[in-house]
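Step one of this worksheet: look at the structure below.
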Amino acid sequence: MDKKGKHEQQNSRSCCCECHAMVRLLRAVDNGWYIAEHWSSHNHSMSLTCREKVHWPSLKHIDVYTKDLVKQLRANNVNLNKVYSIVGSFFGSSHSVSFTKRSLRNLCGRISQDQADDDVNKTLVVFKEIQQNDPEFTYMVQGDEESRIKKLMWTNGNNKLQYKFFGDVITFDVSDQLV
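Structural data, given as structure tokens:
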């Protein structure tokens, strides 16, 4: 924690090897730059040539078992921070997790998209099954430019019969924002 009681953000973009070597550049009054600090001692071996490539471990790779755990947690509506903490407990702590929160967020986005696509397919399968048992069952799907469902309406034989007698219709508009 820092002086204000907030958790310090960890640097998730670089591999940490506790090397203290650094160059700190600061902006000069004339909008130029100057070296304010320079520490040249490294605690790791240096590249032998300027063409040598050093490969750091990827912080984006999430193994199959962790992906499965994340899918299960997200299916039970566990939020992203909680998922990261739970995964961190398997690695000993959140600091030891082998991927970044951004990678986890991207994975959760893909999982949500897959689940949404699967929900649409399941709905259409159920509608076709109902249609086989009830010849009066009808449904209409209207999509938008991006092939997403914009409107979905259905009715069955019993609803049609009730409409003939009572003349009322009940609709649900789930696109309204509840405040």
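Converting from the sequence shown to this note's numbering requires adding 468 to each position, the first position being numbered 1. Where is the CB? At the ideal position from N, CA and C, for every residue including glycine. Here the structure is a predicted model, which is why all the values come from computation and not from measurement.
| Item | Value |
| --- | --- |
| According to DSSP, simplified to helix, strand and coil, what is G625? | helix |
| Inspect the CB distances between the segment 568-583 and the segment 529-541 and report whether three or more fall short of 8 angstroms. | yes |
| So if DSSP puts E486 in a beta bridge, which residue, or which two residues, is it bridged to? | Bridge partners of E486: none, in fact. |
| Mapping DSSP to helix, strand and coil, what is G611? | strand |
| Would R542 and C576 be called neighbours here (beta carbons separated by less than 7 angstroms)? | yes |
| If F605 and N624 are in contact, beta carbons under 8 angstroms, what's the gap, nearest whole angstrom? | 5 angstroms |
| Tell me which same chain residues have a C-beta within less than 6 angstroms of the C-beta of A496, skipping the five on either side of it? | Y502 |
| What are the residues that DSSP puts in a beta bridge with H506? | V491 |
| Within 10 Å of its beta-carbon, does F633 have 16 or more other beta-carbons around it, so buried, or fewer, so exposed? | exposed |
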